[in-house]
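Take 1 as the starting number for the sequence shown in full-length UniProt numbering and just add one per residue. The structure under discussion appears below in the form of structure tokens.
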Amino acid sequence: MTLDIHGIIPPLVSPFTVDEQPDLDALRAEVRYHLDLGVHGLCVTGSTGDGQMLSLEDSVAIARATVEETAGRVPVIAGIIQDSTKEVIRYGKAIAETGVDALQVTPVHYLFQPDEDTTVAYYRRIADETALPIVVYNVIPYALIPATTVARVMNEIPAVIGVKQSGGNIHQLADLLHMNPEGGKVFTAVDDLLFPSYLMGAQGAISATLTVVPELCMAQWDAVQRGDLAAALELHNKQLPVWRAIDGPNMTARIKAALALQGRDGGASLSPLTPVSDAEREALRAALLAADVKLAA
Numbered sequence: 001m002t003l004d005i006h007g008i009i010p011p012l013v014s015p016f017t018v019d020e021q022p023d024l025d026a027l028r029a030e031v032r033y034h035l036d037l038g039v040h041g042l043c044v045t046g047s048t049g050d051g052q053m054l055s056l057e058d059s060v061a062i063a064r065a066t067v068e069e070t071a072g073r074v075p076v077i078a079g080i081i082q083d084s085t086k087e088v089i090r091y092g093k094a095i096a097e098t099g100v101d102a103l104q105v106t107p108v109h110y111l112f113q114p115d116e117d118t119t120v121a122y123y124r125r126i127a128d129e130t131a132l133p134i135v136v137y138n139v140i141p142y143a144l145i146p147a148t149t150v151a152r153v154m155n156e157i158p159a160v161i162g163v164k165q166s167g168g169n170i171h172q173l174a175d176l177l178h179m180n181p182e183g184g185k186v187f188t189a190v191d192d193l194l195f196p197s198y199l200m201g202a203q204g205a206i207s208a209t210l211t212v213v214p215e216l217c218m219a220q221w222d223a224v225q226r227g228d229l230a231a232a233l234e235l236h237n238k239q240l241p242v243w244r245a246i247d248g249p250n251m252t253a254r255i256k257a258a259l260a261l262q263g264r265d266g267g268a269s270l271s272p273l274t275p276v277s278d279a280e281r282e283a284l285r286a287a288l289l290a291a292d293v294k295l296a297a
């Protein structure tokens with residue numbers, strides 16, 4: 001696979017109406033917002049997009065609208081968070097028909113953590129049956145795939161083009177970068193350590209902070225690429241309080257509230273997620289203001 005995915009790839013929220021239908025107009029507006037900033041790719045139906053809560057029909061609708069609005073300007077990755085090979089393939093085949101460029105797939109995780117051979121077989125079958133490039137989504141805290149296994153998956157399955165390292169910490173990311181096969185991509189989703197991740201060699205990021213403050217994250221990526229580490233560190237110190245404000249229970253609702261404070265429409269959340277409290281909203285407001293993010297009147 002020669003698909004070039006790199007740089008700043010915001011994982012979009014999945015906007016919903018109050019009656020829990022996908023708000024595709026709001027989604028398209030978010031796609032345009034990010035494209036206008038020059039992001040390098042987009043990811044939908046991942047954790048930030050409540051992928052674990054989405055029906056097949058909603059996942060397909062969200063992927064299709066994003067592909068249509070993007071119109072080939074940047075790659076589109078679609079997340080699948082299911083817990084059986086059969087369901088991942090069912091979602092993957094349907095989503096593939098929308099024209100997405102790659103799939104981002106979690107390991108199975110509910111009460112079962114497969115061994116190395118089973119993990120390799122799982123990703124091989126998904127790649128074979130969906131016929132799309134795969135990014136391993138290493139996010140489940142209690143079912144993290146060891147770096148040695150991820151490296152084996154990427155070495156043995158050409159369609160697996162990279163890994164998004166979210167769960168764990170900078171140590172796991174360091175091991176992945178050290179073992180990464182030639183041509184493989186390691187994307188950081190360790191939001192409070194984006195800056196050092198880039199310095200260690202991460203080829204990009206797919207993480208919630210990129211969705212909330214994409215301007216800051218684009219500026220930081222560009223600063224690192226030109227070697228202006230002082231500017232990149234300054235941007236890290238602006239981004240960190242924003243991440244601390246959105247991280248925690250009910251996170252996607254917090255992200256949508258952060259968008260609303262900026263005049264962006266993230267839509268309603270799916271039940272059982274609840275709107276943020278007044279205290280949470282004020283914490284978000286304070287963090288955004290401290291980062292010099294322009295808020296809506």
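Ideal placement from N, C-alpha and C gives every residue a C-beta, glycine not left out.
CB contact flag (residue i, residue j, <8 Å)
{"i": "Asn-250", "j": "Thr-211", "result": "no"}
{"i": "His-40", "j": "His-6", "result": "yes"}
{"i": "Ala-26", "j": "Asp-265", "result": "yes"}
{"i": "Ala-205", "j": "Ile-81", "result": "no"}
{"i": "Asp-175", "j": "Ala-147", "result": "yes"}
{"i": "Phe-16", "j": "Leu-288", "result": "no"}
{"i": "Ser-84", "j": "Thr-45", "result": "no"}
{"i": "Arg-244", "j": "Val-276", "result": "no"}
{"i": "Ile-145", "j": "Thr-118", "result": "no"}
{"i": "Val-139", "j": "Val-163", "result": "no"}
{"i": "Tyr-137", "j": "Val-88", "result": "no"}
{"i": "Gly-267", "j": "Asp-23", "result": "yes"}
{"i": "Leu-12", "j": "Gly-49", "result": "yes"}
{"i": "Gly-51", "j": "Gly-92", "result": "no"}
From the options, residue whose alpha carbon lies closest to that of residue i
{"i": "Thr-70", "options": "Gly-49, Ile-95, Asp-101 and Phe-112", "result": "Asp-101"}
{"i": "Leu-103", "options": "Val-135, Ala-65 and Pro-141", "result": "Val-135"}
{"i": "Leu-111", "options": "Cys-43, Arg-226, Pro-141 and Glu-30", "result": "Pro-141"}
{"i": "Ala-29", "options": "Pro-10, Thr-66, Val-74 and Gly-46", "result": "Thr-66"}
{"i": "Gly-184", "options": "Gly-167, Val-153, Pro-196 and Ala-208", "result": "Val-153"}
{"i": "Val-190", "options": "Pro-181, Met-179, His-178 and Gln-172", "result": "Gln-172"}
{"i": "Glu-280", "options": "Asp-292, Ala-258 and Ala-231", "result": "Ala-258"}
{"i": "Asn-155", "options": "Asp-228, Leu-56 and Tyr-123", "result": "Tyr-123"}
{"i": "Val-224", "options": "Val-213, His-236 and Thr-149", "result": "His-236"}
{"i": "Asp-128", "options": "His-178, Arg-90 and Ala-151", "result": "Arg-90"}
{"i": "Asp-222", "options": "Leu-37, Arg-244 and Asp-19", "result": "Leu-37"}
{"i": "His-178", "options": "Ile-157, Gly-167, Val-150 and Ser-166", "result": "Val-150"}
{"i": "Ile-126", "options": "Lys-86, His-109 and Ile-145", "result": "Lys-86"}
{"i": "Pro-75", "options": "Pro-10, Thr-48 and Pro-158", "result": "Pro-10"}
{"i": "Pro-107", "options": "Ala-121, Asp-278, Ala-260 and Asp-58", "result": "Ala-121"}
{"i": "Ala-208", "options": "Asp-19, Thr-188, Ala-268 and Ala-219", "result": "Thr-188"}
{"i": "Val-242", "options": "Gly-267, Arg-73 and Asp-192", "result": "Asp-192"}
{"i": "Asp-4", "options": "Gly-92, Leu-42, Leu-216 and Gly-248", "result": "Leu-42"}
{"i": "Gln-21", "options": "Leu-56, Asp-247, Tyr-198 and Leu-216", "result": "Leu-56"}
{"i": "His-256", "options": "Leu-240, Ser-166, Arg-285 and Asp-58", "result": "According to the sequence shown, residue 256 is Lys rather than His. Nearest of Leu-240, Ser-166, Arg-285 and Asp-58 to Lys-256, Cα basis: Arg-285."}
beta-carbon residue i near the ligand NAP non-hydrogen atom, thresh 7 Å
{"i": "Ala-268", "result": "Absence of the ligand NAP from the depicted structure is noted, as is the absence of any ligand whatsoever, leaving it without description."}
Three-way DSSP call (helix, strand, coil) for residue i in this model
{"i": "Lys-294", "result": "coil"}
{"i": "Ile-134", "result": "strand"}
{"i": "residue 310", "result": "An answer regarding residue 310 cannot be provided, because it is not within the stretch 1 to 297 covered by the chain."}
{"i": "Thr-211", "result": "helix"}
{"i": "Thr-85", "result": "helix"}
{"i": "Met-200", "result": "helix"}
{"i": "Met-1", "result": "With a pLDDT of 42 at Met-1, under the threshold of 50, the predicted position of this residue should be treated as unreliable, and no value is reported."}
{"i": "Pro-141", "result": "helix"}
{"i": "residue 299", "result": "Because residue 299 is not part of the residues shown, which for the chain are 1 to 297, the question remains open."}
{"i": "Val-105", "result": "strand"}
{"i": "Ile-8", "result": "strand"}
{"i": "Leu-42", "result": "strand"}
{"i": "Pro-241", "result": "helix"}
{"i": "Gln-165", "result": "strand"}
{"i": "Val-67", "result": "helix"}
{"i": "Ala-205", "result": "strand"}
{"i": "Ala-112", "result": "Residue 112 is actually Phe in this sequence, not Ala. Of the three classes helix, strand and coil, the one that applies to Phe-112 here is coil, per DSSP."}
Inter-residue CB distance, residue i and residue j (contact presumed, cutoff 8 Å)
{"i": "Ala-96", "j": "Ala-131", "result": "7 Å"}
{"i": "Lys-238", "j": "Ala-291", "result": "4 Å"}
{"i": "Phe-195", "j": "Ala-232", "result": "6 Å"}
{"i": "Gly-133", "j": "Ile-157", "result": "According to the sequence shown, residue 133 is Pro rather than Gly. That belief does not hold up - the Cβ atoms of Pro-133 and Ile-157 are roughly 10 Å apart, past 8 Å."}
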